[in-house]
DNA sequence: ACGATGATGAAC
DNA sequence: TTCATCATCGTA
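Here it is in structure tokens:
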């Protein structure tokens, strides 16, 4: 069952926690592969100094100000695409960054997907996905509800990675990690 | 510990 | 138009 647009129109920290354990599905040439979402980060609002949106709207980050459920892709370090999903109502800039997923197929090497750049590379996700809707199957990328419930004790909180410049927001525990 | 690698945004 | 910066990763 695919998560609908309304799922993403909730508080960003809630979306971050609730998407853990859900299934990320990718369809390439009629082949569907599925992965458990295991790690995400929240980039929350105009005041979050770690967020691209903290210095106002630009050509790159304008998707973050858009409707919930839109895909925000950007390139870092000249070579890595980052996969984000926009949260909350239009006009409020926020998104979650997908940092790690785990293949349902146990035969596939998990280590290929345990990083935000590694997973986009594996799934063939690039700038073409920017501004597409993750709640539409024709995008070829969607999220399905949790196959089984998870406990709060399975969710670890941590500081976000690579944002030491973010002042008072540097130490926010806005990174969420799901472990079985 | 460090270099790869290029789009982005702000300054000039 | 230039220039510093960067929500990372693989190799050392």
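Residue numbers (the numbering used here): 1011 to 1190.
Idealized CB from N, CA, C, for every residue including glycine.
7 Å Cβ shell around residue i - same chain, five flanking residues per side excluded
i	result
residue 1084	1070, 1092
residue 1118	none
Contact set for residue i: own chain, Cβ-Cβ below 6 Å, skip 5 residues either direction
i	result
residue 1077	1100
residue 1017	none
Start and end residues, beta strand (DSSP E) containing residue i
i	result
residue 1048	1041-1054
residue 1166	1165-1168
residue 1065	Residue 1065 -> no beta strand (DSSP E), and no H or E assigned at all.
residue 1108	1104-1113
residue 1093	1090-1096
When the options are compared against residue i, the one with the closest alpha-carbon
i	options	result
residue 1190	1161, 1067, 1025, 1173	1161
residue 1158	1013, 1011, 1031	1031
residue 963	1132, 1185, 1014, 1039	Residue 963 is absent from the model: the chain starts at 1011 and stops at 1190.
residue 1240	1045, 1038, 1061	For residue 1240 there is no data in the structure shown, the boundaries of the chain being 1011 and 1190.
residue 1042	1133, 1142, 1171	1133
Cβ pair residue i, residue j closer than 7 Å
i	j	result
residue 1026	residue 1050	yes
residue 1095	residue 1144	yes
residue 1022	residue 1097	yes
residue 1074	residue 1052	no
residue 1155	residue 1011	yes
residue 1179	residue 1059	yes
residue 1044	residue 1114	yes
Residue i - partner residues in DSSP beta bridges
i	result
residue 1152	1035
residue 1188	1165
residue 1080	1143
residue 1074	Paired residue(s): none; residue 1074 is not in a bridge.
The ligand GDP heavy atom lying under 6 Å from the CB of residue i
i	result
residue 1041	Ligands displayed in this structure: none; no statement on the ligand GDP is therefore possible.
Close Cβ partners of residue i (< 8 Å) along its chain, the five nearest in sequence each way excluded
i	result
residue 1181	1169
Start-to-end residues for the alpha helix (DSSP H) that takes in residue i
i	result
residue 1201	The requested residue 1201 is not part of the displayed model; the chain covers only 1011 to 1190.
residue 1015	1015-1018
residue 1029	1022-1029
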